[in-house]
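Chains as they are written, first to last, in my numbering: chain S, 43 to 385; chain W, 1008 to 1353.
Positions of the beta carbon are idealized from the N, C-alpha and C atoms, including for glycine.
Shown next, in structure tokens, is the structure this report addresses.
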Amino acid sequence: MVKVEDIKKEAKRILKEGKVKYIIGYKKSTNGLMSVPAFIESPEDVENLIWDPTCVYNLTRFLVDEKRRKAREKNPDERPVGIVVKGCDSRAIIVLLQEKFINRENIYVLGISCETTGVLDEKKLLKKLNGKKAEKVEYDEKDNFIITTLDGKSKVPADEILAERCLECRANFPVINDILFGEKVDRKLDNRFKSLEKIESLSKEKRWGFWKEQLDKCIRCYACRSVCPMCYCDECVVDTINFAVTADTTAEEKAQRIKWVEKSPTTSENFVYHFVRAIHLAGRCIDCGECERVCPMDIPLRFLNKKMEKEAKELFDYDAGFDPDQPSLVSCFKDEDPEDFIR
Amino acid sequence: MEKILTKKSFSKWVKKLESYKIYAPVKNDDLWNYEIIDIPESIQPDYPNTVLSPKKIIFPQREIFLEFKASNEEGLEVKEILPEERPAIIFGVRPCDARALTLTDNVFKGDFEDPYYWKRRNQTILIGLTCNIPPSFDCFCLSVGGSPHSKDGLDILMTDLEDKYYIESLTKKGNQLINLAKDCFEEPKVMDKKDLEKIQANSEIQIKRQIKDIKKIPKKLKGMFDTPFWDKESLSCIQCGICTYLCPTCHCFDINDEVASSAPLKGKRVRTWDNCQFPDFTMHSSGHNPRPDKASRLRQRILHKFQYFVELYENFQCVGCGRCISKCPVGIDIIEVLDKVRDYGL
Chain S
43 MVKVEDIKKE AKRILKEGKV KYIIGYKKST NGLMSVPAFI ESPEDVENLI WDPTCVYNLT
103 RFLVDEKRRK AREKNPDERP VGIVVKGCDS RAIIVLLQEK FINRENIYVL GISCETTGVL
163 DEKKLLKKLN GKKAEKVEYD EKDNFIITTL DGKSKVPADE ILAERCLECR ANFPVINDIL
223 FGEKVDRKLD NRFKSLEKIE SLSKEKRWGF WKEQLDKCIR CYACRSVCPM CYCDECVVDT
283 INFAVTADTT AEEKAQRIKW VEKSPTTSEN FVYHFVRAIH LAGRCIDCGE CERVCPMDIP
343 LRFLNKKMEK EAKELFDYDA GFDPDQPSLV SCFKDEDPED FIR
Chain W
1008 MEKILTKKSF SKWVKKLESY KIYAPVKNDD LWNYEIIDIP ESIQPDYPNT VLSPKKIIFP
1068 QREIFLEFKA SNEEGLEVKE ILPEERPAII FGVRPCDARA LTLTDNVFKG DFEDPYYWKR
1128 RNQTILIGLT CNIPPSFDCF CLSVGGSPHS KDGLDILMTD LEDKYYIESL TKKGNQLINL
1188 AKDCFEEPKV MDKKDLEKIQ ANSEIQIKRQ IKDIKKIPKK LKGMFDTPFW DKESLSCIQC
1248 GICTYLCPTC HCFDINDEVA SSAPLKGKRV RTWDNCQFPD FTMHSSGHNP RPDKASRLRQ
1308 RILHKFQYFV ELYENFQCVG CGRCISKCPV GIDIIEVLDK VRDYGL
């Protein structure tokens, strides 16, 4: 079992020795239950660090911010950034390394094994408690969560409130780390694409109906994009900004800039946005499930990315986020790649 | 006008309102939202906060202003599109969300009255429901001048007294609705009035979250524009648009021409919600962006609500619904931010 004291000890050491400029980890949120991202700069603040089943965030997203911030600074601090990662999050680091978006020497990875458990789905928990407020959620090491509310403690089978992705997890252990907390525990997984079965069994018309209903809910807050560590483009196809604009760009050139997606949250525009995102994540998404977690309209976005993951696996035997030396899926080809879809 | 409406008579009353478009909180999967419904049987008193406030009905995310197409004679044929003429009733409006509309009213009136906004606003009747229990863990209406039984902006306030509703009609529009079905209503008894007072007083005690000394905040913010405070507070912000789009008082918009065909030219001019947290919100056509980073965008959100709006309209541009707190993907808590603002440098 991972002890938070061990993580704090290491965090204190690397901050004291000046090995890292700061550490991205988890601390308690103001609601008293869930965690929030923490940016720890001094050894004194290390006490705030926590590790429990509410540590849902994929913090690697903040490495994108770090890179941007550093690029703007005149004399940047060249020391690495410490980052706490779970198994799934560590795979995001692999993809970022593979795409040369970050350098290995710029990060110090504090890897945590989820061992036999995973993280909570807050929405499932709220539903389970019927609107009651949970104060504490602990894992009992026997496949149950012990939930403390004002009315006392109750025991819930872990599977009922674990995040969906944890139920299909293939990386409960960090694939990259500088220091490791917890043990490597093998977990049995019969079918890694089980969640897709239901939707795949629907007819084409029903599937269209399903996605139309779901994507029509989208309010285009772009939280799914904003939370995704892989959505690091300087300029996103859905934004109206254009970094190609310079002092010399003529008014006509600006006016003729192509607008790929309208701002209106209509069926066609919402489909373009979500499908562009899904395609751009093919062979890159590591299934941290953050897009689905943050969606205020409860759109099951994970299905889209999971489907792409399955396509990548079945067509190209490609698994994202395990090997930093592997070329990225969309920028390489092999002789044995299938080509029967080319007509 | 004050009346009693038994829960049994509720649907009888609503049936008399058939000529109106009726909205009420509806649960789809696990999400509550205001949707057009047929005839509501009753309104559940304990529904949680809807994801979007009734803002989405009065100020829809997409509003078509006009249609245009190329024409041989005139060059361009332009047709104004105004919202459909049809009175609407929104049931179960939370008092905070109704107050929010009274704040937004300030923005759409003045030198220029926005015909689209006012058309919808004037033809919509708001029937509120006292929050006997807070609809969210993050409610803090009392701190920003509201209350769980605030009447601001409402035409009727209903309060659930178990087997009946206490009806307080607050406007002419409200009285008209009651007069449409006079026989459904009874006169309140002294006991009912006592129950109402008890429930409304109790509803205030249940609001657990608050911003202390909020009056000090606008002045304090004035001196904080250029401090490193915003860099630190915005570290975890991912710059999505949840806080602002879900906010019942945020009202920024963008206007675009959506061209369906370029030859012959044909399309629509539409207004859509816009969002100060997006990088393109303040992007100049020169390529310069005066709010280049997330610190400046978070600062804008806080300053607009708790300094600029106060200077302009003598009210906070926040009604304490708690949506931006509950739904923030990274747990940024506006109460915590404002607490830190108040204590900054002390």
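Return no unless some Cβ of chain S is closer than 7 Å to the Cβ of Y1041/W. no
Is the separation between the beta-carbon of Y1041/W and that of Y1027/W shorter than 7 Å? no
Are the beta-carbon atoms of F1144/W and L1012/W separated by less than 7 Å? no
Start-to-end residues for the beta strand (DSSP E) that takes in F1260/W: F1260 to S1269
N1263/W and V1277/W: beta carbons closer than 7 Å? yes
Using a Cβ-Cβ cut-off of less than 8 Å, give me the residues of the segment 162-182 of chain S that come near chain W, in sequence order. K165, K169, G173 and K175
So which residues on chain W does K305/S lean against when the C-beta distance must stay under 7 Å? D1261, N1263 and T1279
Sub-7 Å separation of T1256/W and Q1207/W beta-carbons: no
According to DSSP, simplified to helix, strand and coil, what is T1256/W? coil
How big is the Cα-Cα spacing for P1225/W and N1322/W? 10 Å
Contact set for L171/S: own chain, Cβ-Cβ below 8 Å, skip 5 residues either direction: I189 and T191
Smallest Cα separation from M272/S: which of S310/S, K63/S, F215/S and C333/S? C333/S
For D107/S, the nearest candidate out of C1244/W, Y1172/W and P1061/W (CA to CA): C1244/W
So I1249/W contacts chain S; which residues on that side make the cut at Cβ distance below 8 Å? C263, A265, V336 and P338
Could you tell me the boundaries of the alpha helix (DSSP H) in which M1290/W lies? Premise fails: M1290/W is in no alpha helix (DSSP H) and is neither H nor E.
Hey, L979/W and K1158/W: beta-carbon distance below 7 Å or not? Within the shown structure, residues of chain W are numbered from 1008 to 1353, placing residue 979/W beyond reach of any answer.
Strictly by DSSP, which residues pair up with A1077/W? L1083/W
Are the CB atoms of P122/S and V217/S within a distance shorter than 7 Å? no
Just to confirm before moving on: does the CB-CB distance between R229/S and N214/S stay below 7 Å? yes
In chain S, what lies closer than 7 Å to Y1252/W by C-beta? I261 and C263
Using a C-beta to C-beta distance shorter than 9 Å, which residues of chain W count as neighbours of F81/S? K1239, L1242 and S1243
R299/S: buried (16+ other C-beta within 10 angstroms of its C-beta) or exposed? exposed
Segment contact, 8 Å Cβ cut-off, at least three pairs: the segment 370-384 of chain S with the segment 1066-1082 of chain W: no
Identity of the residues DSSP links to I188/S by a beta bridge: E180/S and K197/S
With 16 other CB atoms within 10 Å as the buried threshold, where does H1291/W fall? exposed
Hey, could you find the ends of the beta strand (DSSP E) L371/S is sitting in? Run containing L371/S: none; DSSP gives neither H nor E here.
Can you list the residues of chain W that S37/S reaches, using a CB-CB cut of under 8 Å? This structure cannot settle anything about residue 37/S, because the visible part of chain S is limited to 43 through 385.
Grab the span of the beta strand (DSSP E) containing P1032/W for me, first residue to last. K1028 to N1035
Between R1069/W and chain S, is there a C-beta pair that is closer than 7 Å? yes
Enumerate in chain order the residues of its own chain whose CB-to-CB distance from K352/S is below 8 Å, with the five nearest sequence positions on each side excluded. F235 and L238
Taking D193/S as the query, report the chain W residues whose CB atoms sit under 8 Å from its CB, ordered along the chain. Those do not exist, as D193/S stays about 16 Å from chain W at its closest Cβ, beyond 8 Å.
Looking at C-alpha atoms only, which residue of V1021/W, N1209/W and Q1307/W is the closest neighbour of I1134/W? V1021/W
Closest to Q1130/W by CA distance: which of P1094/W, I1339/W, Q1217/W and Y1252/W is it? P1094/W
To which residues does DSSP link W1280/W through a beta bridge? F1260/W
At which residues does the alpha helix (DSSP H) containing G129/S begin and terminate? G129 to Q140
Does the beta carbon of V78/S sit closer than 7 Å to a beta carbon anywhere in chain W? yes
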